[in-house]
Amino acid sequence: MVRNEMTDDLDILPERFFGWWNDIIKREEDASVEEFSQYFSDNAEIITNEKLVCKGLEDITKHFMGVKTKTSSCAARLPMKNIFSKENKIFVHYLIDAAFESEKQVIAVMGYMLINSGKIETSCQLQYVQESKIS
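The sequence shown runs 10 to 144 under my numbering.
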């Protein structure tokens, strides 16, 4: 993993969030809006492949719980491949392992997170299926 020379709290936020997510997706009960508020601001937004996917804590919670419903497993590979920050932006490159009913995918993700008051305000990323196996 590549990190900037002056690792600070910003650099650990994405891995801390995805470590939490990797645990949440395995548990039986869904995560609450309050739990997501540990990592996202009230008006946070997620933009994927130039499309606004969700905005606000309730929408973000529904989005991630929808991922949980649609997949039999989904986890970010940690540590991330690349992560560095500049001012209030964290740039990331990581992989996600996702399994669906009859398909396993490795999804490559590259983008940035805009941080405000220690929480994710915007997560903007490009993602694509790097590998797919039909079972």
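All C-beta atoms, glycine included, are put in the ideal place defined by N, C-alpha and C.
Please say whether residue j and residue i have beta carbons closer to each other than 9 angstroms?
i: residue 31; j: residue 84; result: yes
i: residue 132; j: residue 123; result: yes
i: residue 72; j: residue 89; result: no
i: residue 24; j: residue 92; result: yes
Quick check on residue i - is its C-beta less than 9 angstroms from some C-beta in chain B?
i: residue 123; result: Checking the listed chains, one finds no chain B in this structure; it contains a single protein chain.
Please classify residue i: is it buried, with 16 or more other beta-carbons within 10 angstroms of its beta-carbon, or exposed?
i: residue 61; result: exposed
i: residue 41; result: exposed
i: residue 94; result: buried
i: residue 51; result: exposed
i: residue 135; result: exposed
i: residue 143; result: exposed
i: residue 54; result: buried
In three-state terms, what does DSSP make of residue i?
i: residue 93; result: strand
i: residue 32; result: helix
i: residue 106; result: strand
i: residue 38; result: coil
i: residue 87; result: coil
Return the first residue and the last residue of the beta strand (DSSP E) that residue i is part of.
i: residue 49; result: 49 to 57
i: residue 75; result: Taken as a continuous stretch (DSSP letters only), residue 75 belongs to no beta strand (DSSP E), being part of the alpha helix (DSSP H) at 66 to 79.
i: residue 127; result: Segment: none, residue 127 is in no beta strand (DSSP E) and carries neither H nor E.
Which residue wins for smallest C-alpha separation from residue i, given the options the options?
i: residue 22; options: 43, 38 and 48; result: 48
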